[in-house]
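Visitor: Below is one structure. I have some questions about it.
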Amino acid sequence: MQSGFSIRIAGTCPVRPQILPQDPAWIGISLSRICRGVRLLVWEALVLANGQLAELRDRRRTACHVRQIAMYVCHVALRVPMADIADACGRDRSTVSHACHVTEDRRDDPLFDAFIACVERMALAAFGRQEGFEHD
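This is the structure in structure tokens:
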């Protein structure tokens with residue numbers, strides 16, 4: 003499926019945290035701020051990977067992809083339930099589910115998979131895993 007969204011990555015992310023923080027930095031931070039932080043992290047990583055982002059006409063599509071990736075990373079890497087992500091992002095749970103499915107399907111592309119793996123590692127380094135939540 004051609005989405006108009008491309009990622010050109012020379013290699014994988016060099017940052018590989020070996021130890022996750024026992025006392026995550028996110029304690030005391032609202033879930034909506036964590037989700038916004040992950041979305042900003044995805045956006046900045048995309049800028050680094052692509053250089054300059056898409057033209058104005060493609061920005062809406064790019065913003066949608068960034069939001070989908072951020073929802074996926076919050077759910078998979080940080081283990082936040084979809085319903086909580088939906089509440090934090092002001093979306094419906096089915097939207098989060100769709101974002102996770104779309105992102106997972108796109109991971110068949112090795113470059114996209116490397117990009118997502120890098121973003122997951124950065125999100126874990128920044129926020130740690132959310133404890134007390136069950137993964138859907």
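Under our numbering, the residue at position 47 of the sequence shown is numbered 49, and the numbers go up by one with no gaps.
Note that beta-carbon positions come from the ideal geometry of N, C-alpha and C, so glycine has one too.
All figures in this text were calculated on a predicted structure; none of them were measured in a lab.
In whole angstroms, give me the CA-to-CA distance for D86 and A79.
Guide: The residue given as residue 86 occupies position 84 in the sequence shown. The residue given as residue 79 occupies position 77 in the sequence shown. Cα-Cα distance, rounded: 14 Å.
Visitor: Please say whether I31 and A90 have beta carbons closer to each other than 9 Å?
Guide: As a first step, residue 90 must be located in the sequence shown, where it is residue number 88. As a first step, residue 31 must be located in the sequence shown, where it is residue number 29. Contact: no.
Visitor: What residue range does the alpha helix (DSSP H) around R35 cover?
Guide: In the sequence shown, counting from the first residue as 1, residue 35 sits at position 33. Counting along the chain, the alpha helix (DSSP H) containing R35 begins and ends at L33 to N52.
Visitor: Please work out which residues of its chain come closer than 6 Å, Cβ to Cβ, to V44, disregarding the five sequence neighbours upstream and downstream, and give them in chain order.
Guide: Translated into the one-based positions of the sequence shown, residue 44 becomes position 42. The answer, listed in chain order, is V68, I71, A72 and V121.
Visitor: Could you check how far apart the C-beta atoms of A125 and V49 are, in whole angstroms? I think they sit under 8 Å.
Guide: Here residue 125 refers to the residue found at position 123 of the sequence shown. Here residue 49 refers to the residue found at position 47 of the sequence shown. At roughly 16 Å, the Cβ-Cβ gap does not stay under 8 Å, so A125 and V49 are not in contact.
Visitor: Write down every uninterrupted run of the alpha helix (DSSP H) in the segment 98-132 whose length is 4 residues or greater and which is fully enclosed by it, in chain order.
Guide: 112-129
Visitor: Quick check: what's the CA-CA separation for A127 versus I118?
Guide: Position 125 of the sequence shown, counted from the first residue, corresponds to residue 127. Position 116 of the sequence shown, counted from the first residue, corresponds to residue 118. Near 14 Å, if we compare the C-alpha coordinates of I118 and A127.
Visitor: Output the boundary residues of the alpha helix (DSSP H) element that contains D89.
Guide: Here residue 89 refers to the residue found at position 87 of the sequence shown. Residues M84 to C91.
Visitor: Under 9 Å, do V104 and A88 count as touching if we go by C-beta distance?
Guide: Residue 104 sits at position 102 when you count from the first residue of the sequence shown. Residue 88 sits at position 86 when you count from the first residue of the sequence shown. Not in contact: V104 and A88 (Cβ atoms no closer than 9 Å).
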